[in-house]
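Number of protein chains: 2
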Amino acid sequence: MRVKFNKNKRLCTKFGFKMNNIIYAVFLASLIEKPLYGYLLVEKLEEFGIKSDFVPYGSAYRILRDMEFSGLVSSEWQTEGTGPAKRVYKITDKGTEFLRNWLVDAKKNLETLEKILKRIGGVLNEQDK
Amino acid sequence: MRVKFNKNKRLCTKFGFKMNNIIYAVFLASLIEKPLYGYLLVEKLEEFGIKSDFVPYGSAYRILRDMEFSGLVSSEWQTEGTGPAKRVYKITDKGTEFLRNWLVDAKKNLETLEKILKRIGGVLNEQDK
DNA sequence: AAATTTATATATAAAATGTATATAGAGAAA
DNA sequence: TTTCTCTATATACATTTTATATATAAATTT
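Line by line, the protein sequences give chains A and B. Just so we're aligned: 5 in this note's numbering is position 5 of the first sequence, and the numbers increase by one with no gaps anywhere. This note's numbering runs 1000 ahead of the 1-based position in the second sequence.
So, in structure tokens, the structure goes:
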């Protein structure tokens, strides 16, 4: 049985910058702009500065299903139009709230990381003297 | 058989901010200042702004052994002095070089993350209008 | 003498991620 | 027209990463 997203607090503790953690956020941000299906969401990563082959489709679809299971997004089959059927996702209120909170935490984590890098840089500079 | 540190490029690709990745770097930075044993290295994390209970001792000792296996540090038993025997680590030239390279990458990754967060912030602001 | 702290180590379990493969519609090329 | 490629989703399996639990033992504190 797959683990529920965010069931375990550890998922978002520590520095929270696991790859998928960021992908959750970017997918949600994309979906705020407009509903989209998985394949396009992966391609849209480029707009956020993430090479789309960083995220295998297998992972992307799993992330989306997990997010739906957690109530952050909802989905519907779109059968009209050209090509194979597409599962179109849209963000829920819960998803929007989640993203807002995630961003607050992420900013804090980024600051912490910045301090750590500066400290490490300081140690290396000291050594050069 | 344990996987060799950095054998798989993935270990340091993507955003590279997995917890242990940061711990490798902080341990190495600590060891540039002076040789230390595992137990104290964990306690020293606080100086870098990382709560030491973020890293269980079990993980810390494994990280140190992995780093030794990869030639980033070397170790010796210290039996004199008070308390149980301590395995004292010191950084190697390879370790120093590794840390310098890691820092360069980490800074780039941090910038990328910053941009992503800004973009997400932008999407959320847009929604508020 | 018993409990706690310091110190290292390993085994096991759980969680996260990556790779491989299956399916199938639609359009292009041979 | 049938073969190939692209779009699109999905799942199974494998690997990697991380956490928890436990074992050992010297030294110190109660």
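For glycine and all other residues, C-beta sits at the position ideal for the given N, C-alpha and C. Small disclaimer: the values here were computed from a predicted structure and weren't measured.
Taking the C-alpha atoms as reference points, what is the distance between residue i and residue j?
i, j, result
"Thr92/A", "Lys1129/B", "18 Å"
"Leu113/A", "Phe1048/B", "10 Å"
"Val104/A", "Tyr24/A", "15 Å"
"Lys115/A", "Leu1041/B", "18 Å"
"Lys1034/B", "Val1073/B", "12 Å"
"Ser1075/B", "Val1088/B", "5 Å"
"Lys1044/B", "Ala85/A", "55 Å"
"Thr1079/B", "Ser1030/B", "22 Å"
"Ile1120/B", "Gln1127/B", "11 Å"
"Val1123/B", "Lys107/A", "15 Å"
"Gly58/A", "Met1067/B", "32 Å"
"Ile1032/B", "Ser70/A", "45 Å"
"Tyr39/A", "Leu110/A", "29 Å"
"Lys4/A", "Ile63/A", "Since pLDDT at Lys4/A reaches only 24, below the 50 mark, its modelled position is unreliable, and the value read off the structure follows with that caveat. Going by the C-alpha atoms only, they are around 11 Å apart."
"Asn1098/B", "Arg100/A", "The amino acid at residue 1098/B is misidentified as Asn; the sequence shows Phe. In a straight line, the C-alpha of Phe1098/B is about 36 Å away from that of Arg100/A."
"Lys1051/B", "Trp1102/B", "22 Å"
"Leu1117/B", "Asn1021/B", "21 Å"
"Thr96/A", "Lys90/A", "10 Å"
"Asn1125/B", "Glu46/A", "21 Å"
"Ala60/A", "Leu28/A", "12 Å"
"Trp1077/B", "Asp1053/B", "25 Å"
"Val1055/B", "Gly81/A", "52 Å"
What is the DSSP secondary structure of residue i, counted as helix, strand or coil?
i, result
"Ser1059/B", "helix"
"Ile50/A", "coil"
"Thr1082/B", "coil"
"Lys129/A", "coil"
"Lys1070/B", "The question names Lys, but residue 1070/B in the sequence shown is Ser. Correct three-state label for Ser1070/B: coil."
For residue i, list the residues DSSP reports as bridge partners.
i, result
"Glu76/A", "Val88/A"
"Tyr1037/B", "Val1088/B"
Please list, in chain order, the residues of the stretch 1032-1050 of chain B that have any C-beta partner in chain A closer than 9 Å. Listed by position along the chain: Ile1032, Glu1033, Glu1047, Phe1048, Gly1049 and Ile1050.
Going along the chain, which residues of the stretch 80-101 of chain A sit with their C-beta nearer than 8 Å to a C-beta in chain B? Only Thr96, Leu99 and Arg100 from the stretch 80-101 of chain A bring a Cβ to less than 8 Å from some Cβ of chain B.
Can you list, in chain order, the residues of the stretch 1100-1116 of chain B whose Cβ is nearer than 9 Å to any Cβ on chain A? Of all residues in the stretch 1100-1116 of chain B, Arg1100, Trp1102, Leu1103, Ala1106, Lys1107, Asn1109, Leu1110, Thr1112, Leu1113, Glu1114, Lys1115 and Ile1116 have a Cβ within less than 9 Å of some Cβ in chain A.
Members of the stretch 1055-1069 of chain B near chain A, C-beta cut-off 8 Å: Residues: none.
Could you name the residues of the stretch 116-127 of chain A whose beta carbon sits closer than 7 Å to any beta carbon of chain B, in the order they occur along the chain? Residues are counted here when their Cβ sits less than 7 Å from a Cβ of chain B; for the stretch 116-127 of chain A these are Ile116, Leu117, Arg119, Ile120, Gly121, Val123, Leu124 and Gln127, given in chain order.
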